[in-house]
Amino acid sequence: NQELHSYATVKKFDVSTASVDNWLKAVFEEQSIPEGISSALDLASGVEAMFDQEKLRQAVVNLITNAVHSLQDKETERKHLRISTCLLDGKYEIRFEDNGVGMSDDVKERLFEPLFSTKEFGVGLGMVIVKTIVEKHYGKIIIESKKGEGTTVILRLPINLQDERKAS
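Residues in the sequence shown are numbered from 246 upward in steps of one, following this note's numbering.
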């Protein structure tokens, strides 16, 4: 199983320095966003950061996929996905905002439980993997969601992993 495999391989970590905005743009351009969903990139962090590009790519692809599913489940004309970056308090943020079906507080609380899934397919390890990858980067994941209105997922990550490693 692909998801179980990626869960197991989170351990090996391969960190390099890259422009967050350029990297994210490249990852985004590899995704096929279905017709009927408008998407916008607003990349303004301007930062070179240290991260595992392959692992963080896994997390980003997972979050884009979740947003797309949420939008596809909603009966609405205007389906929108916005991905943005910015600098905040010496960290950088990658935000994924959609106006899809959103989540109840109940679902939000269980999101990081292994094997919890709101989809009929999948193992429900998606968000667990995302959280694991973000935490390995000494980062935080913040989820804001209202049922029927949409979801915003924010990854808040340190620019320099070496500093974070020393501090922890």
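Even glycine gets a Cβ: it sits at the ideal position worked out from N, Cα and C.
Everything numeric in this text was worked out from a predicted model, so none of it was measured.
Simplified DSSP assignment, three categories, for residue i
{"i": "residue 338", "result": "strand"}
{"i": "residue 350", "result": "helix"}
{"i": "residue 345", "result": "coil"}
{"i": "residue 385", "result": "strand"}
{"i": "residue 370", "result": "coil"}
{"i": "residue 355", "result": "helix"}
{"i": "residue 397", "result": "strand"}
{"i": "residue 391", "result": "strand"}
{"i": "residue 377", "result": "helix"}
Proximity winner among the options, relative to residue i (alpha-carbon distances)
{"i": "residue 329", "options": "322, 337 and 293", "result": "337"}
{"i": "residue 264", "options": "404, 408, 411 and 410", "result": "404"}
{"i": "residue 358", "options": "372, 290, 275 and 288", "result": "372"}
{"i": "residue 315", "options": "299, 374, 344 and 385", "result": "344"}
{"i": "residue 370", "options": "286, 289 and 355", "result": "355"}
{"i": "residue 332", "options": "302, 300, 363 and 293", "result": "293"}
{"i": "residue 352", "options": "272, 382 and 396", "result": "396"}
{"i": "residue 291", "options": "412, 361, 267 and 407", "result": "267"}
{"i": "residue 412", "options": "374, 382 and 289", "result": "382"}
{"i": "residue 384", "options": "361, 362 and 339", "result": "339"}
{"i": "residue 401", "options": "386, 360, 269 and 318", "result": "386"}
Cutoff 6 Å; reference residue i; Cβ partners in own chain excluding five residues on either side
{"i": "residue 278", "result": "284"}
{"i": "residue 398", "result": "308, 341 and 388"}
{"i": "residue 259", "result": "297"}
{"i": "residue 276", "result": "309"}
{"i": "residue 312", "result": "326, 341 and 343"}
Cβ-based neighbour list, residue i, same chain, cut-off 8 Å, excluding 5 preceding and 5 following
{"i": "residue 349", "result": "392"}
{"i": "residue 347", "result": "315, 390, 391, 392, 393, 394, 395 and 396"}
Endpoints, alpha helix (DSSP H) assigned at residue i
{"i": "residue 313", "result": "298-317"}
{"i": "residue 270", "result": "265-275"}
{"i": "residue 410", "result": "406-412"}
Unbroken beta strand (DSSP E) run spanning residue i, endpoints
{"i": "residue 287", "result": "282-288"}
{"i": "residue 332", "result": "324-333"}
Chain B contact for residue i (CB, 8 Å cutoff)
{"i": "residue 323", "result": "The chain inventory of the structure shown lacks chain B, comprising one protein chain alone."}
Neighbourhood of residue i by C-beta distance below 7 Å, restricted to the same chain and skipping five residues each side
{"i": "residue 299", "result": "259"}
{"i": "residue 318", "result": "345 and 346"}
**Prompt:** Any chance the stretch 377-390 sits against the stretch 294-307, with 3 or more Cβ pairs inside 8 Å?
**Reply:** Output reads yes: the stretch 294-307 touches the stretch 377-390.
**Request:** Specify whether the stretch 280-288 and the stretch 316-330 touch according to this definition: at least 3 beta carbon pairs, one from each stretch, less than 8 Å apart.
**Result:** Yes: at least three Cβ pairs fall under 8 Å.
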